[in-house]
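These notes are about the structure you will find just below.
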Amino acid sequence: MIKKLIAFGLVIPLMGALVLARAADSEKEAPQDPQMRDLPHSIALMKTFVYKPTPEDPNQTPKEKAAKEFLEQMSPRLLKVEVLKSGEIRKENRRYSTGKTAEVWRSGRVTFFEDSTNPGIVMVSTPEMRQDSDDTGPAKEVADFEELGWVSREAFQGRETRQGVPCLMYKNGSLAAWLDASTRLPILFVAGDHHITYSYKPLSQGPLVLPDRLVKELNRSIRGWRGEYIRH
Amino acid sequence: MQSSSLFSYSQCHPRRGVALVIVLAFLVLLSGLVIAFFVRVVTERQVSNSNLSDTKSDILARSALDVIVGDLKQEIVLGSDIATVNGISIYQPKSAANMLPTRSGAPPIVSGSNPIPNLVRRSMVNATGIPGLTGVASNLSSSGTSANNRSIKLARWNAHYLIPRSDTSDTIDFTPISGASGFTPPDWVMVTANGPAVITSPTNSVIGRYAYAIYNEGALLDVNVAGYPSKLPAGDMPHPSPNPLSLLEWGYARKGGVAFADLTQLPTITSGTLSQTLVDRLVGWRNYASAQPGGTFKGGYTFDDPAAARYFDTVVSATNGFLSVATPSSSPSSGQTDQVFTSRQAFLKFSRDAGISQNVLQYLGTFSREKNAPSWSPLLNASDLGGQNNGVNITSGAVITDEYAYYKKADAADAFNRRIANVRVTDSFDRVDGSTAVVGEPLVKQRFDLNRLSWIRYDGTLPSGVTAADVMNYFGLTRESSGAWIYNHGAPGNGARINTLEEVAAQKREPDFFELLQAGILKGSMGLVSGDPAFSGDVAKGGEFYRAGGPLRVPSGNNGSNVVRTDVDGKVVAAQEKYQVMQIGASIIDQFDEDDYPTEVVLNGQPFTGVENLPYINAMATTVLRPVLGVTTGDGGTLLQDEWQTRVHQWLTFSLWNPHRNAKVAAAKRPTIFRIAAVDGMVAPRLQNLATADQKIQQFTRSTPSWIRFNIGDYNGFSEPTALNYAFSETSNPNGRFETPSKFSRAGIYLGSSSAVDCKEKVPLSAPLGNTIAPYFNTAKRDLSPPPTFELQYLREGGNANSESDWRTYQIISSFVHGQDTAGDPYFEPADPGWIQNASTWNSSVASQYTRLTVDQDNCIYAILDPRSLRFNVTRWQGNNPNNLKLALSAINGKSPSGPTVGPWYTGVTDFAYTVNNTAGNRYTDRDFVPRVGDLAGWYTAAADNPLTAGSLANRNVMLNRPFRSVGELGFVFRDTPWRTLNLISANSADSALLDLFCVGAAGNGALPPPSVVAGKVDINGASIPVLKALIANALRDYQPNADQTLTTAGTANVVSASDSQLIAADIATKIRTTPLVNLANIPGLFPQDASKDNNMYPGVKWKREALVRALADSSSTRTWNLLIDVIAQSGRYAPNAGTDLNKFTVEGEKHYWFHVAIDRFTGEVIDQQLELVRE
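Listed in order, the protein sequences are those of chains B and Y.
Mapping to numbering that gives the first Met the number 0: the first sequence position 59 is 58, numbers consecutive.
Mapping to numbering that gives the first Met the number 0: the second sequence position 408 is 407, numbers consecutive.
So, in structure tokens, the structure goes:
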């Protein structure tokens, strides 16, 4: 009996220690996959981009400085992206550092791109049109968060609270991301020279409907890429 | 010319028993007559014996002819595969040897020399090898002396002069050559009350006898048609005035029928050849009223230009098939009409009066008939031609067994290429000519008259007597207000396809022009595009051009996806036979018509325009420029410098080429204002790796296209590839044209601009921008859509350039997707002083590596070997390294091409030196895997023969732009494959059936149906060398363009010479002796196919070789047995004391007839016949 008590007295603390130890490990263990979830069926998302100022290079010549400024002008940076999602339909309103704006619609894997530089012109992209391009244009933006494609169990660093929200933290080189632990959606992404904050709210409007003009453009595009000639 | 009505031959039935029926009928007839005769003898003794004997021998002779003709028909039956529908049989020869009646009793051919070419057979004892022969002779020569001293002298057997004479110097004697190498008198066929019988000893059952010889009169030149007068020029000369038929040209050398056979080639033996003076006498007598020559028969007729022109007009406008004299004018010349030889004896009398040598008479006949109906059938499978019988379904990739087993499927209901005569009327209907189509008779009862092509006019007007309903009936076309012709000949298909002949029969109508084209051109020779149909849509496996509603066009790697047009069904247009048929049909129309307005035909919503004597886009290039200060643009001013200079601008520039020999010769009616318009899609120049740069996208719409416009007169006809230039063009966007202060200029379609990374003063030269700044022609990046479509257009006659509807499209580069290139190839214009230093490292353009590209070679993004067709175009930058050049252009420089680089190429399409075609592995390999040659046709021998070489006009195809004289002129029609016209010269031609399906009827508008039977065709299978020579000699080889729109100068320099025609005729005679032609489609096989055979006889350019086809196709026949049966019949008996000597026959009466009969070899039908009593 005494032996049994002794044994019981040893087992209980050991079990407690094991439980405690397991609890401590869960803080560092990645949750079950998927680490990051897709956007809910109906939601509004705002991505806000913040860029660090570039440090001055004391050795830079005036010409190189001018070139750098010029290249920055040529490569307009995203400032805000408003994402409205309703089922398979998704609409993005983009605003760039140069003042340029763009509206992007997606229907499944088909993307429609319009920007203020080319008003009235719709660029259509379907998976069949893409192949081995190194282009970073809209054609490849098919995931909800393409900038977070690197988030994985291996990149999991632990749990943190950011902006008052319990988060899952991931890191990969200079890239870091925090996902809301409950929703598994990102709330912050930090890259080398900029970061993106994500805010969510319910979709205030009814279900999104792909505008007819875009449907027409899609059909026109498919016919065009097939080489279908329509006699006038 | 009226035929005898005494003979009426029943339809030839497909059973051997038919002969028996005929014989029995004969016996019944003869027995009845004999009985009647005896009754008469008994009861009417007052009737003279001579009259009675005359009647007996006449009946005997005619009955003998019945037996002889019955035997011939039975020979047809026994030598054929027979198909019978509703009692109507078609007799397809079992072999080529069955095309001719069996030769028997003629002297042997020694060393290729036939002593008596015209002789088919004679009655001969122990005759063997003649299928169905019932009139077998006994062992009794007709030269023997009868009991009452009657004999048939040898000379009597040559009263017609169809046998060479033994004494050619004698002007009277017609005794034939005799002996082992000459003519042997026929043996007697003895006739008893039971009909012909072989007897070995005299018997009182014999009531008469006959002997005969049969000659191939169809192999002679019909003097009622053949021959032309002096003063008719050789070449394609402008028709003199007066010109009542408004003909563009005249001259004999384009041939087109026996009327243009050169009778002066016929040897008289004693005095060389027949003189033109005597030919004039023949023509003057024959065509006196229509030609109105000067002079008299006795003194000789004289022809001046007007008289010769009148003769020419009469011949080419004859509507009666030369079966009767031309309709006399209201005031016949000198009260005379044209005349015709109604019998051979009439002609012989004429020849004596005219002084024509008797030695020539063996080449001339008076009777020839032919059904003007096609009899073509595919005789070989693709596997017999070196190809494969199985095809591939372009939609599923599944194997289609025996798809190209042409011979095997010749009677299959779903086949395109049918045994024409065996496609039957399945339900009675009224034919267009008003006759009733009887169930079982051939659906295609007449050849299609190509003169009907004149109904399809660019302005939509119709010739007198032709209605829109006629156009529908014969072409299946309806003209819409735009000027296009919509093809829709009803269900099945309803405008989506071309019906098979079987479907046409089910619709109870006759086939139209396009349906006949589809039936005649071998299916597997069409729809050739790059790629392997077995891997439809699979780019990686080279099946990209056989897509069918599957993947979109994705270029493979850095390579382009060639310009491909698909239809509403998602299938590649070029890969479908029906569309190529439409394209070829439109091009036939435009070869025939006199204008240069392209004819547009539409099938299934897809337009096709005929190839005209116009320029076509042969290359496109991009020009990229960041201009320097002072650039002038098309608006006459200078652009805002800041905007202009801080951006990289891009243009698409074009090179055009009219690859025809007469490119510089303008048709009287042709468009003059042209433009290239971007009518759909979008483009944007942008910088690689800087995709979000501030690019200005250009979107094109049909209502507001972007264009570059030019006047063709400013470009010297584009006879060589010529880029549209700054000086002679207008553009819709003022920026489309620019010129720098250093006079570097370009003109094209402005594609917009994007921010310049190498902007002045802002980009350090050392910046690592190198290969990454190549601007894209944006569609290559695949995320901009749809791809642009470019159209080459002309301004319609009287049109307003500001009205979009007045621009008509004649070349379409649909949905242009070209390859991208990340290898840093130079895209910037070299050699412009405005370029910043970066450009200098890329300024390595190799001068004119590609001689046919006059646009910026290094920047070429589209090129095509032959601008008239989109097949095998290439859409890839090639850079400046010729070693990387693996596309059709290789052939241009005579390099050894290795094929294009888009995908692993279909093994059947491994080589692009199609224009050269000088080795077996270097030819087109069609869908049926049959290697077929292009226009240099395997006889390319020197670089000078290459039509692609700059200035090599003489080797390029001619646009006739005038009505066809010969069906052989179809060989000038572009086939919609680079450097490949319809081939009428190769033994394995896929197009030669057109020689039989079509004909050239009376010049004019073709409103009258061509005659169902025509005279004057020569049976090429039996023709002697002199006859062949007459047909060939002086045929026009070289169609040289002149400034006056005629195609060659007068004279004989460009025609087949007498000496060459002699050698060629001998070649043909040798070949035919071995293998007779089954059909006119076999004519190309008469000529050498060997590439080494390049000499004066067979020069190395296709259309020069085809002069022989043009000379023969319209004047030759293969389907009719036109025979002269020379029969002597004697009534009589054997006396009781005749003993054993068969010669002891007592002759009581005699008749000598020449029976002219035309039997259609494929139907067994006696087309016509003439009985001529020989008066000696």
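We put the CB at the ideal spot given by N, CA and C, even for glycine.
From a predicted model like this one, the values you see are computed outputs, not experimental measurements.
Pairwise C-alpha distance: residue j and residue i
{"i": "residue 620 (chain Y)", "j": "residue 862 (chain Y)", "result": "9 Å"}
{"i": "residue 1034 (chain Y)", "j": "residue 1115 (chain Y)", "result": "14 Å"}
{"i": "residue 88 (chain Y)", "j": "residue 458 (chain Y)", "result": "45 Å"}
{"i": "residue 153 (chain B)", "j": "residue 170 (chain B)", "result": "9 Å"}
{"i": "residue 1108 (chain Y)", "j": "residue 1059 (chain Y)", "result": "15 Å"}
{"i": "residue 409 (chain Y)", "j": "residue 376 (chain Y)", "result": "7 Å"}
{"i": "residue 265 (chain Y)", "j": "residue 279 (chain Y)", "result": "14 Å"}
{"i": "residue 963 (chain Y)", "j": "residue 1125 (chain Y)", "result": "39 Å"}
{"i": "residue 60 (chain B)", "j": "residue 751 (chain Y)", "result": "32 Å"}
{"i": "residue 1009 (chain Y)", "j": "residue 443 (chain Y)", "result": "13 Å"}
{"i": "residue 189 (chain Y)", "j": "residue 262 (chain Y)", "result": "42 Å"}
{"i": "residue 872 (chain Y)", "j": "residue 665 (chain Y)", "result": "28 Å"}
{"i": "residue 184 (chain B)", "j": "residue 83 (chain B)", "result": "15 Å"}
Reduced DSSP category for residue i - H, G, I as helix; E, B as strand; rest coil
{"i": "residue 509 (chain Y)", "result": "coil"}
{"i": "residue 575 (chain Y)", "result": "coil"}
{"i": "residue 287 (chain Y)", "result": "helix"}
{"i": "residue 56 (chain Y)", "result": "helix"}
{"i": "residue 299 (chain Y)", "result": "strand"}
{"i": "residue 211 (chain Y)", "result": "strand"}
{"i": "residue 232 (chain Y)", "result": "coil"}
{"i": "residue 217 (chain Y)", "result": "helix"}
{"i": "residue 195 (chain Y)", "result": "strand"}
{"i": "residue 123 (chain Y)", "result": "coil"}
{"i": "residue 745 (chain Y)", "result": "strand"}
{"i": "residue 308 (chain Y)", "result": "helix"}
{"i": "residue 594 (chain Y)", "result": "strand"}
Residue i: contacting residues in chain B (beta-carbon distance under 9 Å)
{"i": "residue 387 (chain Y)", "result": "Per Cβ cutoff of 9 Å: no residues; residue 387 (chain Y) is ~28 Å from chain B at best."}
Cross-chain neighbours of residue i in chain Y, by beta carbon under 7 Å
{"i": "residue 120 (chain B)", "result": "681, 696 and 698"}
{"i": "residue 177 (chain B)", "result": "The premise fails here: residue 177 (chain B) is roughly 27 Å from chain Y at the closest Cβ pair, so nothing lies under 7 Å."}
Beta carbon proximity, residue i to chain Y, threshold 8 Å
{"i": "residue 194 (chain B)", "result": "no"}
{"i": "residue 140 (chain B)", "result": "Bear in mind that a pLDDT of 43 at residue 140 (chain B), under 50, signals an unreliable position, so the number given afterwards is only what the model happens to contain. No - not a single Cβ of chain Y is within 8 Å of the one on residue 140 (chain B)."}
{"i": "residue 116 (chain B)", "result": "yes"}
{"i": "residue 123 (chain B)", "result": "yes"}
8 Å Cβ cut-off: residues of chain B touching residue i
{"i": "residue 569 (chain Y)", "result": "225 and 227"}
{"i": "residue 701 (chain Y)", "result": "231"}
{"i": "residue 563 (chain Y)", "result": "226"}
Partner residues on chain B for residue i, Cβ-Cβ distance less than 7 Å
{"i": "residue 813 (chain Y)", "result": "226 and 228"}
{"i": "residue 601 (chain Y)", "result": "230"}
Proximal residues of chain Y, C-beta to C-beta of residue i below 8 Å
{"i": "residue 220 (chain B)", "result": "784 and 785"}
{"i": "residue 40 (chain B)", "result": "Those within 8 Å of residue 40 (chain B) in chain Y number zero; the least Cβ separation is about 27 Å."}
Beta carbon proximity, residue i to chain B, threshold 8 Å
{"i": "residue 339 (chain Y)", "result": "no"}
{"i": "residue 847 (chain Y)", "result": "Residue placement at residue 847 (chain Y) cannot be trusted, given a pLDDT of 26 that sits under 50; the coordinates are not used to answer."}
{"i": "residue 606 (chain Y)", "result": "yes"}
{"i": "residue 566 (chain Y)", "result": "yes"}
### Task
Identify every run of the beta strand (DSSP E) within the region 469–498 of chain Y, keeping only runs that are complete inside it and at least 3 residues long; order them along the chain.
List check, beta strand (DSSP E) in window: 476–478 and 484–486.
### Every unbroken alpha helix (DSSP H) inside the region 61–121 of chain B [4 residues or more]
Entirely contained in the region 61–121 of chain B, the alpha helix (DSSP H) runs reaching 4 residues are, in chain order, 61–73.
### Task
Ignoring anything shorter than 3 residues or poking outside the region 140–196 of chain B, list the beta strand (DSSP E) runs there in chain order.
If only uninterrupted beta strand (DSSP E) runs of at least 3 residues are considered, those enclosed by the region 140–196 of chain B are 155–161, 164–171, 174–179 and 185–189.
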